């Protein structure tokens with residue numbers, strides 16, 4: 654904690670009437686207007702996008718072009734069904750469409766010349782529209798024999814092999830986003846008050862400090878707890894499934910000073926006692942309240958003033974009101 658570096662340690666020799674010589678350790682009090690706290694919350698890294706890919710039509714798997722760990726691009730063909738039947742149907746529909754288009758154009762000319770009725774032209778138009786829709790339908794069916802990557806990513810799983818006959822909707826591959834990951838962190842509500850959406854926060858990932866954007870906050874607490882799910886988006890790809898620790902640093906406005914826990918003695922009504930030396934080297938008893946503590950230090954507020962010499966070691970051997978020679 655950076656505040657602790659402001660402490661000035663002094664060493665004072667004290668001689669009591671018993672002629673016993675010993676030392677006490679003191680520090681010079683520095684009153685601050687605020688204090689910083691650091692909290693660590695673990696979270697699991699998840700890909701922002703993760704999909705199990707399946708063919709939309711049944712068929713026999715003819716080829717799978719990728720395997721686990723392969724990087725793929727959006728729009729890339731990952732696998733293919735046997736397309737002979739779909740291709741034949743599409744070609745047949747294309748021939749019918751071309752013929753109906755030719756008939757329609759000829760009927761338009763005949764109608765202009767008055768050789769056919771309006772009803773005959775309407776029938777040709779209807780046949781053309783039906784043939785066109787059938788051709789579009791079978792073109793889509795032919796396209797559906799290809800399994801297409803929906804985004805840039807990595808192949809996470811491969812479930813089937815070539816030669817397998819499948820129904821529609823059976824997963825073939827699993828793909829995860831290779832550009833970004835996000836961390837899901839359960840954060841107590843009391844700390845969310847000091848956090849802002851779209852702000853950057855530090856994470857510890859395998860000993861490295863990385864930054865992430867606080868992108869979303871779940872509207873409700875899970876299971877009635879006093880925490881809410883916060884989602885952080887990283888601007889780089891990290892290994893999904895790993896643990897990243899949110900390093901939450903919060904500044905609180907409160908007048909006080911940091912003191913070692915070993916300098917505190919319990920007093921009445923939830924307050925604490927510390928000992929200081931006044932300008933005449935007389936031991937003074939001060940009352941403080943603990944606002945926050947972390948590790949071996951507490952941030953306290955009370956009767957302490959700037960420049961007071963706070964007694965650390967040796968406090969058990971001094972007496973309030975005793976003048977130090």
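Residue numbers (the numbering used here): 654 to 978. Just so it is clear, CB atoms sit at the ideal spot from N, CA and C, and this is done for glycine as well. On a predicted model such as this, the values are computed, not experimentally measured, just so you know.
Counting other Cβ atoms within 10 Å of its Cβ, residue 865 reaches 16 or more and is therefore classed as buried.
Fully contained in the stretch 804-879 are the following beta strand (DSSP E) runs of length 3 or more, in chain order: 806-811, 824-830, 834-841, 853-858 and 861-870. Closest in C-alpha terms to residue 829, from the list 698, 971 and 777, comes 698.
Residue 690 sits close to residue 905, with the two beta carbons spaced by under 8 Å. For residue 788, the number of other beta carbons within 10 angstroms of its own is at least 16, and it is reported as buried. In the assembly as shown, residue 927 is a buried residue. Its beta-carbon has 16 or more other beta-carbons within 10 Å.
Selection 942, 815, 908 and 683 evaluated against residue 720 yields 815 as nearest (Cα-Cα).
C-alpha of residue 701 to C-alpha of residue 893: approximately 10 Å in a straight line. The beta carbon of residue 953 sits closer than 6 Å to those of 909, 912, 941 and 943, all from its chain and outside the five residues before and after it, given in chain order. Following the DSSP letters along the chain, one finds residue 791 inside the alpha helix (DSSP H) bounded by residues 771-796. Take the alpha-carbon of residue 809 and the one of residue 794: they are about 27 Å apart. In the three-state reduction of the DSSP assignment, residue 687 falls in the strand class. The Cβ atoms of residue 678 and residue 960 lie no closer than 8 Å to each other. Per DSSP, the beta bridge partners of residue 697 are 837 and 896. Residue 825 and residue 732 have their C-alpha atoms spaced approximately 8 Å apart. Under the DSSP definition of a beta bridge, residue 939 partners with 927. Our two residues, residue 722 and residue 812, have alpha carbons roughly 13 Å apart in a direct line. In the assembly as shown, residue 790 is an exposed residue. Its beta-carbon has fewer than 16 other beta-carbons within 10 Å.
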